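UniProt numbering puts the first residue of the sequence shown at 1, with every later residue one more than the last. Where is the CB? At the ideal position from N, CA and C, for every residue including glycine. These numbers were taken from a predicted model, which means no experiment stands behind them.
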Amino acid sequence: MARSRFSLSNSLQGKFITLFGSQALLLLVVFTLGMTGLNRLKKGQVELGANLPKAAVAARVLHDSDVLRVLHVSLVGGGRSSEYVDKRLKRLKEVEDLLSGSLTDMEKLPWSPAEQAKVQLIVAGMRKYMEAFPPLMARARKASSDEVPELIEANTAFRRDGYNLLLTLLQDIQNQGAKQVAQDQASSRVSESWMIVGLVVAILLGLGISRFVSRQVRRQALALKTAMTALGRGDLIQRCPVQTRDELGEAAESLNQVIEQLGKDIRAITEATDRTASSATELSATASEVTQTVDEISRSATEQQSAVLVGTDLLQQMKSLSESVSAGSERLAALAIASREADEQGRESAGESDRAMSAIQESSQKVNRIITVIADIARQTNLLSLNAAIEAAKAGQQGKGFAVVAEEIRKLAERSASAAKEIAALIQESTERVTTGSEAAAQVGLSLDRIHGHIRETGERVEEISGAMIQQGASVGQLQRQLDLVSNLTERNASATVQLASAMQETSRTTEDLANLATDLRALSHRFRIQ
1 MARSRFSLSN SLQGKFITLF GSQALLLLVV FTLGMTGLNR LKKGQVELGA
51 NLPKAAVAAR VLHDSDVLRV LHVSLVGGGR SSEYVDKRLK RLKEVEDLLS
101 GSLTDMEKLP WSPAEQAKVQ LIVAGMRKYM EAFPPLMARA RKASSDEVPE
151 LIEANTAFRR DGYNLLLTLL QDIQNQGAKQ VAQDQASSRV SESWMIVGLV
201 VAILLGLGIS RFVSRQVRRQ ALALKTAMTA LGRGDLIQRC PVQTRDELGE
251 AAESLNQVIE QLGKDIRAIT EATDRTASSA TELSATASEV TQTVDEISRS
301 ATEQQSAVLV GTDLLQQMKS LSESVSAGSE RLAALAIASR EADEQGRESA
351 GESDRAMSAI QESSQKVNRI ITVIADIARQ TNLLSLNAAI EAAKAGQQGK
401 GFAVVAEEIR KLAERSASAA KEIAALIQES TERVTTGSEA AAQVGLSLDR
451 IHGHIRETGE RVEEISGAMI QQGASVGQLQ RQLDLVSNLT ERNASATVQL
501 ASAMQETSRT TEDLANLATD LRALSHRFRI Q
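Written out as structure tokens, the structure reads:
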């Protein structure tokens, strides 16, 4: 049973079991009738079989008595011939033994009371007949031929009574057998009739139940076929009528549930398809916007890379200027040392003051030229740092470190320019002092002291400029590293932008495929009638 609510009689199995059960019952009835008839036949055969030994023994007694009668007649007739009599007496003994044995066997058989009385009379008569023959035979040996007929008939009365009863007994046995055969034949005909009737009824009932079951099954099967054909056409409105409560009816209910669930699924697919189509449209628009943004990022990356290249060139120029400033600072330091040495010599030898003043003036002029070069370098460095700051601003977040370094370089350039101005002022003042010293030799010592102080201060300023140039060189190196980092980041951004553009193109194609799939699903779902 497919479900517990279906009873056995409502299922196909129950119907077929009922069909086969009814036929089996009718066949059992037919079998019972047949077995009853067979039992009656068997009983009759048993009775016939029981009468057969009786008939056989009676027939043997009858036969032995006839043989004995023949021997008696022959012995009585030939009684005067001793040779013949002696020869036949041996045979007589054998026949008498056979007859006695047959009579004994007859007594042992299970006769009915009436038959038993007849058997006793038969046995007694036959034995009297045998017992009466020896005296008769003795008389026959002495009798004349005229007495022979009388002797032959002398013991016939004993045999006749038993013989007639034996014939009657055999006739009764035959009559009983014939009667039993007639009864068995009648019983057989009745059994055959009932068996034929039972078979006909079983066949008709089986055909009727089979037709009833097949009609129900065929009607429900046609309903299932119609519903499934409609389902194959996409009709989800038509339902299969449940006409039986068996497995086919259960299948119809299951089919209706499947159709109902399929309708819900189709509606859900249609709604999901509409949402998918809308989402695909929105995704396509978003992909277009992202593609435009990626293009803008790509252009910005290209511009940023160009700005980094420009910044790199500026840094190279700044590095060259820094190297020039460093070289000038070294020469200025050498001149300061030379000035100090000249000052020492002037302090040691006042006589050589004019020559020393001339050397100092010449050195001051050289220093003035160097200061001019340093001022020009500082001005150019300031301009380069401004350009670097502008390029760093263009680089955005990646150029922050570059902007900080450029700011530091600008400050160092300003400090270098300020120091150069101070040195220039000191040199100018030294020059004026030297000129004045030529006119006032009396003030040579004091001027030399002042010159010594200025020279010392100039040396300190030169050392500051040299340190600033060293810091500026380090800052330029750091700025170069920042620019390299920005360049690498820019290249990676450009590569990522290209990959992103490729991914967005793939996304756009996927979106188009998704939209086409949604269209196909919508067309497929429209094949089904759900309302």
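Item	Value
Cβ-Cβ distance between A417 and R379 below 9 Å	yes
At least three beta-carbon pairs within less than 8 Å, the region 132–142 to the region 66–83	yes
Classification of S191 by the beta-carbon crowding that lies within 10 angstroms, buried from 16 upward	buried
Residues that D184 bridges to, as DSSP identifies them	In the DSSP output, where bridge partners are listed per residue, D184 has none listed.
Nearest neighbour of A425, chosen from A375, I297 and T281 [CA to CA]	A375
Neighbourhood of E512 by C-beta, 6 Å cutoff - its chain only, sequence neighbours within 5 removed	none
Range of the contiguous alpha helix (DSSP H) that encloses E96	S82 to K108
Length at least 3, wholly inside the region 365–435: the beta strand (DSSP E) runs in chain order	none
With 16 other Cβ atoms within 10 Å as the buried cut-off, status of Q261	exposed
6 Å CB neighbourhood of R60 in its chain, flanking five on each side removed	S102
Close-in-space but distant-in-sequence residues of the same chain around F20 (CB under 8 Å, 5 per side omitted)	none
Distance between beta carbons of G263 and L236, contact taken as under 8 Å	4 Å
Proximity of E107 and D172 at Cβ, strictly below 9 Å	no
Backbone CA spacing between L224 and R245 [nearest angstrom]	14 Å
CB-CB length for L68 against V95, believed under 8 Å	5 Å
contact_flag[the region 117–130, the region 161–171] where n(CB pairs < 8 Å) is 3 or more	yes
Proximal residues to S65 (C-beta, below 8 Å), its chain only, five neighbours per side dropped	L99, M126, Y129, R159, G162, Y163 and L166
Where F133 falls, given that 16 or more other Cβ within 10 Å makes a residue buried	buried
E247 burial status per 10 Å Cβ neighbour count (16 or more: buried)	buried
Contact check, L205 vs L26, beta carbons under 9 Å	yes
Secondary structure of D146, DSSP reduced to three states	coil
Residue(s) in a DSSP beta bridge with D64	None, per the DSSP bridge assignment.
Beta-carbon proximity of R219 to Q243, cut-off 9 Å	yes
Where E131 falls, given that 16 or more other Cβ within 10 Å makes a residue buried	exposed
Cβ neighbour criterion (16 or more within 10 Å) applied to S9	Its pLDDT being 49, under 50, S9 is placed unreliably by the model, and nothing is read from it.
Check whether N368 and Q428 have beta carbons under 9 Å apart	yes
CA-to-CA distance, I266 to T18, given in whole angstroms	43 Å
Any non-hydrogen atom of the ligand ATP within 8 Å of E296 CB	The ligand ATP is not part of this structure, which contains no ligands at all.
Option nearest Q174 by Cα separation, candidates P53, C240, S284 and H72	P53
Per-residue DSSP class, three states only, for R245	coil
Top-ranked residue by Cα proximity to V217, from Q238, A251 and R239	A251
Assigned secondary structure, L517 (DSSP; H/G/I helix, E/B strand, else coil)	helix
Separation of E422 from E407, as counted between CA atoms	22 Å
Residue from V200, Q238 and H72 whose Cα sits closest to the Cα of L151	H72
Integer Cβ distance of Q478 from L412, believed to fall under 8 Å	Incorrect: roughly 12 Å between the Cβ atoms, too far for contact.
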